[in-house]
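This report concerns only the one structure given below.
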Amino acid sequence: MTDTKHNPKNELIKAKFLEMLENAKGRDLKTVNNYANAIYEFEISTNFKDFKKFEVKQAINFKESLSNKKNQRTGESISKSYLQHYVTHVKDFFEWLSKQRGYEKVITHDDAQYFTLSRNDRNRARATNFQESHTVEEIISTIRKMPSTNELEMRNKAMISLAFLTTPRISALQSSRVGTIKYFRDEDAWAFVQNPNLVNTKFASNITSYFIGHLQDIYDNVLTWVEYLKAKDFTEKCPLFPKIIPTFNSDGLQSLVLEKQFIKSQTSIRDIFKKAFNDNGLPYRKPHTFRHAITRKMMKSPNSPLLVSVLAQNMGQKDVGVIIASYGTRPEHERAGILKSFELE
């Protein structure tokens, strides 16, 4: 009798597929796990039937079951982008399966095409809402209001300052090291050097993010913190934003212990941003929205084409159009005002 939580026959061929993704296709572990989760979701919808008993009706039922799936946190239907990713992952698996010995006679390439969403759902999956962000001025104000009287406050202020100056992804911020902050003498510029062998970057890209602007006090928040860590015997490979543990000394007074360990949870990092902005009377926005703030301000500059072009490189993005489409969209009231002011006659 088939176990209702897995099918041993399916597990063997799934393992082969996932191994192929990692070692032949070079996919990272996170992507491989996403494929595994999507295929498992499909198996749940078929009550773990043997893949060799596949029928196109199963693909149709799978799409329907995903469409009815609820987000556990919000209780609402899952997003169309989630639906698109899962269906596409399973489609990739069945296209591969149709070429494997023992499966090629029962599953065809055409069968796998049934794991395709309708055009409307694909369009909904690609649709994005306007991303709210703080203004550059609000970010600067927040950083300048942050205290720096102890190690914890110094670290947090340096972290948000670096996020503002270089707009890295939170994974890069989390995995940054003391030695990743470098001065380039020929350019007379500081940069956050994101070597993928040391820093967790998207697609393991090698990114040199030069500090944006010339606000010396914001620079100093980062540079002073780097020097402080070096004075504490932190080497270049030690975490730039290490874990700090509150504790109590022998007199019962609270003290802070600076550890040479990375902050493990990105939630902890987001909480640092949340507290800083809430303390400045502002709502929380994801750290990633710093990219929106910088891009939108640059697009208002007379030199916007040049600025956005070099900003794209600073973000590790080759396509300037992606930067404009992803981070440079304007709010409705601005768009309406620009269009309304256009002289038709």
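Heads up: the sequence shown begins at 97 in the numbering used here, then just goes up one per residue. Quick reminder that beta carbons are idealized off the backbone N, C-alpha and C, glycines included.
Euclidean distance between Cα positions of V152 and I135: 15 Å
Alpha carbon of Y423 to alpha carbon of E137, nearest angstrom: 33 Å
Distance between T276 and Y306 (C-alpha atoms, nearest Å): 11 Å
Classification of V353 by the beta-carbon crowding that lies within 10 angstroms, buried from 16 upward: exposed
Buried or exposed by the 16-neighbour rule on C-beta atoms within 10 Å, applied to I314: buried
Cβ distance (whole Å) where H388 is taken to contact S229 below 8 Å: Rounded to whole angstroms, the Cβ separation of H388 and S229 is 4 Å, and the two are in contact under 8 Å.
Buried versus exposed, by CB contacts within 10 Å (16 or more), A365: For the record, residue 365 in the displayed sequence is Ile; it is not Ala. Classification of I365: buried, given that the 10 Å Cβ count is 16 or more.
Q290, DSSP secondary structure in three states: Note: Q290 maps to strand in three-state DSSP.
Under 8 Å between C-beta atoms of G251 and I340: Residue identity differs from the one stated: residue 251 is Arg in this sequence, not Gly. Yes. Within cutoff.
Contact between the stretch 198-213 and the stretch 113-129 (3+ Cβ pairs under 8 Å): No, because fewer than three Cβ pairs between the stretch 198-213 and the stretch 113-129 fall closer than 8 Å, the two stretches do not touch.
For V322, the three-state DSSP class (helix, strand or coil): Three-state DSSP puts V322 in a helix.
Cβ-based burial, F373 [other Cβ within 10 Å; buried from 16]: buried
Opposing strand residues paired with K166 [DSSP bridges]: S173
Beta-carbon proximity list for N164, same chain, < 8 Å, skipping 5 on both sides: Result list for N164: S173, in chain order.
Own chain, CB closer than 7 Å to Y324, minus 5 neighbours either side, in chain order: M250
CA-to-CA distance, R218 to N143, given in whole angstroms: Each residue's alpha carbon lies about 27 Å from the other.
Those residues which DSSP pairs with S305 across a bridge: F288
Test item: CB-CB of V274 and E355 under 8 Å: no
Cβ neighbours of G198 in the same chain (closer than 8 Å, five flanking residues each side left out): Contacts found: K148.
Three or more C-beta pairs below 8 Å linking the stretch 155-163 and the stretch 173-185: yes
Unbroken alpha helix (DSSP H) run spanning K371, endpoints: Q362 to D375
Endpoints, alpha helix (DSSP H) assigned at Y210: Y210 -> no alpha helix (DSSP H), and no H or E assigned at all.
Separation of G122 from N106, as counted between CA atoms: 23 Å
With 16 other Cβ atoms within 10 Å as the buried cut-off, status of L193: buried
Per DSSP, the bridge partner or partners of P383: BP columns for P383 are empty, so no partner.
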